[in-house]
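Protein chains in written order, with full-length UniProt numbering: chain A, 1 to 153; chain B, 1 to 153. Ideal Cβ positions, reconstructed from N, Cα and C, are used throughout, including at glycine.
There are 2 protein chains.
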Amino acid sequence: MTEPRWLDAVQQRDWRAYVEGSVRLADLLDRDLKSKHGLTMAEYEILVRLSEAPERRLRMAELADIASQSRSRLSHTVSRLECKGLVARNNCGADKRGVFAELTEDGFAFLSKAAVDHVATVRDFFVDVIDPDDLRAIGRAFTAIADQVAKAR
Amino acid sequence: MTEPRWLDAVQQRDWRAYVEGSVRLADLLDRDLKSKHGLTMAEYEILVRLSEAPERRLRMAELADIASQSRSRLSHTVSRLECKGLVARNNCGADKRGVFAELTEDGFAFLSKAAVDHVATVRDFFVDVIDPDDLRAIGRAFTAIADQVAKAR
DNA sequence: CACGCTTGATTGAATATTCAACAAAATTCC
DNA sequence: GGAATTTTGTTGAATATTCAATCAAGCGTG
Numbered sequence: 001m002t003e004p005r006w007l008d009a010v011q012q013r014d015w016r017a018y019v020e021g022s023v024r025l026a027d028l029l030d031r032d033l034k035s036k037h038g039l040t041m042a043e044y045e046i047l048v049r050l051s052e053a054p055e056r057r058l059r060m061a062e063l064a065d066i067a068s069q070s071r072s073r074l075s076h077t078v079s080r081l082e083c084k085g086l087v088a089r090n091n092c093g094a095d096k097r098g099v100f101a102e103l104t105e106d107g108f109a110f111l112s113k114a115a116v117d118h119v120a121t122v123r124d125f126f127v128d129v130i131d132p133d134d135l136r137a138i139g140r141a142f143t144a145i146a147d148q149v150a151k152a153r
Numbered sequence: 001m002t003e004p005r006w007l008d009a010v011q012q013r014d015w016r017a018y019v020e021g022s023v024r025l026a027d028l029l030d031r032d033l034k035s036k037h038g039l040t041m042a043e044y045e046i047l048v049r050l051s052e053a054p055e056r057r058l059r060m061a062e063l064a065d066i067a068s069q070s071r072s073r074l075s076h077t078v079s080r081l082e083c084k085g086l087v088a089r090n091n092c093g094a095d096k097r098g099v100f101a102e103l104t105e106d107g108f109a110f111l112s113k114a115a116v117d118h119v120a121t122v123r124d125f126f127v128d129v130i131d132p133d134d135l136r137a138i139g140r141a142f143t144a145i146a147d148q149v150a151k152a153r
């Protein structure tokens with residue numbers, strides 16, 4: 001049996017601060033987006049990724065991957081977005097199993113409006129309240145974390 | 001109408017890295033805790049907070065507050081933890097509306113085991129993959145963010 | 001004291017997410 | 001070529017979370 005390696009006091013404090021802060025921030029961003037535009041962060045993320053893809057469309061599997069969602073979850077969520085007319089599904093010629101999720105014109109217009117408010121909130125509660133150097137540190141750190149998580153799978 | 005203030009390229013990249021990394025990390029921690037001990041992070045957090053409270057118990061409202069959960073959610077979650085025998089509810093003498101959530105002996109023992117594995121995972125995917133200075137930066141930043149979110153309510 | 005107002009906590013229905021099972025098409029391998 | 005396997009995507013049931021309504025108790029004020 002191996003001895004558990006606990007965090008030291010400072011590490012513990014920083015880790016806890018992160019857990020609490022990130023939960024509260026996520027909660028705020030969700031509420032903000034939901035109250036102003038009826039979207040969750042997960043839905044917003046899907047729209048953003050589609051908007052940036054060539055022809056504003058992506059295969060479901062790839063979209064699930066870059067939006068960090070399970071395929072099942074994406075399937076359900078895209079169905080909801082489809083009902084709202086923001087996304088459309090069309091099947092992919094090359095691979096007959098494949099399905100493209102495509103951002104509609106309405107979806108793009110809707111996203112453009114939502115993005116303005118969302119970015120303002122991200123500024124107000126994230127970018128503008130932290131030191132620029134600390135923001136860089138966060139960027140570095142979470143890139144490394146994402147890599148590590150990806151490596152483990 | 002005010003001009004939207006977009007993020008510059010670097011801010012954008014760092015913000016996105018954070019969103020992606022934090023979602024992936026949260027997902028991994030949840031899966032890890034769930035597969036090894038049948039707990040979600042939210043449930044784990046509740047147990048931790050109770051374990052640190054005097055007499056290992058807290059009023060529901062206070063627990064909801066420090067665990068960053070809605071009261072409704074806490075109510076449901078505590079019911080589940082109660083079914084598992086990890087937490088008990090007892091009513092508070094002073095304020096007849098009040099309810100204490102208390103960590104049981106079983107709950108404490110259970111948490112002790114779970115914590116060993118959880119901390120190891122936090123090390124493997126968070127603490128040990130980032131620069132110590134960056135960890136400090138994260139601590140500072142998310143403390144400021146949590147304050148800002150709290151201020152806004 | 002009694003009226004309105006706030007706080008503490010729970011409930012059930014609506015909504016969202018996970019999980020396991022499935023079907024269909026593509027790929028691998030002999 | 002064709003059986004076995006993998007990949008893609010969806011589905012429905014089980015589970016969890018949100019949301020709005022409710023109830024009971026405390027508090028403040030005229």
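Beta-carbon proximity check, residue i vs residue j, cutoff 7 Å
i: arginine 49 of chain A; j: alanine 67 of chain A; result: yes
i: aspartate 14 of chain B; j: leucine 135 of chain A; result: yes
i: valine 87 of chain A; j: valine 78 of chain A; result: yes
i: leucine 103 of chain B; j: arginine 153 of chain B; result: no
i: glutamine 12 of chain B; j: valine 127 of chain A; result: no
i: leucine 33 of chain B; j: leucine 25 of chain B; result: no
i: serine 72 of chain A; j: serine 22 of chain B; result: no
Residue nearest to residue i in terms of C-alpha spacing, selected from the options
i: aspartate 147 of chain A; options: B/Lys36, B/Tyr18 and B/Pro4; result: B/Tyr18
i: histidine 76 of chain B; options: B/Phe125, B/Phe142 and B/Ala101; result: B/Ala101
i: residue 159 of chain B; options: A/Val23, A/Leu39, A/Val116 and A/Arg59; result: Nothing about residue 159 of chain B can be read from this structure; chain B reaches only from 1 to 153.
i: aspartate 124 of chain B; options: A/Phe126, A/Ser112 and A/Ile145; result: A/Ile145
i: cysteine 92 of chain B; options: B/Leu58, B/Leu111 and B/Thr121; result: B/Leu58
i: residue 159 of chain A; options: B/Leu28, B/Ile130 and B/Pro132; result: Look at the range of chain A in this structure, 1 to 153, and you will see that residue 159 of chain A is not part of it.
i: threonine 121 of chain A; options: A/Met41, A/Leu47 and A/Asp133; result: A/Met41
i: glycine 85 of chain B; options: B/Phe126, B/Val23, B/Ile130 and B/Leu111; result: B/Leu111
i: histidine 37 of chain A; options: A/His118, A/Arg97, A/Gly21 and A/Ser72; result: A/His118
i: valine 129 of chain B; options: A/Glu82, A/Lys34, A/Ala114 and A/Ala137; result: A/Ala137
i: threonine 143 of chain B; options: A/Arg5, A/Glu20 and A/Trp6; result: A/Glu20
i: serine 35 of chain B; options: B/Ala141, B/Asp131, B/Ala114 and B/Asn90; result: B/Ala114
i: glutamate 43 of chain A; options: A/Cys83, A/Ala141 and A/Leu7; result: A/Cys83
Short CB-CB distance (under 7 Å) between residue i and chain B
i: leucine 25 of chain A; result: yes
i: aspartate 8 of chain A; result: no
i: arginine 140 of chain A; result: yes
i: phenylalanine 125 of chain A; result: yes
i: valine 129 of chain A; result: yes
i: aspartate 65 of chain A; result: no
i: alanine 146 of chain A; result: yes
i: aspartate 95 of chain A; result: no
i: valine 149 of chain A; result: yes
i: valine 116 of chain A; result: yes
Endpoints, alpha helix (DSSP H) assigned at residue i
i: alanine 114 of chain B; result: 105-125
i: valine 48 of chain B; result: 41-52
i: aspartate 147 of chain A; result: 132-152
i: aspartate 32 of chain B; result: 9-37
i: glutamate 3 of chain A; result: Where glutamate 3 of chain A is concerned, there is no enclosing alpha helix (DSSP H), given that its DSSP letter is neither H nor E.
i: arginine 73 of chain A; result: 71-83
Buried versus exposed call for residue i [16 or more other C-beta atoms within 10 Å across all chains shown]
i: glutamate 45 of chain B; result: buried
i: valine 149 of chain B; result: buried
i: alanine 94 of chain A; result: exposed
i: arginine 31 of chain B; result: exposed
i: alanine 109 of chain A; result: exposed
i: glutamate 52 of chain B; result: exposed
i: alanine 9 of chain A; result: exposed
i: arginine 80 of chain A; result: exposed
i: arginine 139 of chain B; result: Note that residue 139 of chain B is glycine in the sequence shown, not arginine. Buried, by the Cβ-count rule.
Endpoints, beta strand (DSSP E) assigned at residue i
i: alanine 88 of chain A; result: 87-91
i: arginine 57 of chain B; result: 57-59
Minimum Cβ-Cβ distance from residue i to chain A less than 7 Å
i: glutamate 43 of chain B; result: no
i: alanine 143 of chain B; result: What sits at residue 143 of chain B in the sequence shown is threonine, not alanine. Closer than 7 Å: yes.
i: glutamate 20 of chain B; result: yes
i: leucine 39 of chain B; result: no
i: alanine 137 of chain B; result: yes
i: leucine 28 of chain B; result: yes
i: aspartate 14 of chain B; result: yes
i: serine 68 of chain B; result: yes
i: alanine 17 of chain B; result: yes
i: alanine 109 of chain B; result: no
i: proline 54 of chain B; result: no
i: valine 87 of chain B; result: no
i: aspartate 134 of chain B; result: yes
i: valine 99 of chain B; result: no
Residue i Cβ short of 6 Å to the ligand GTP heavy atom set
i: proline 4 of chain A; result: As for the ligand GTP, it is missing from this structure, which has no ligand bound.
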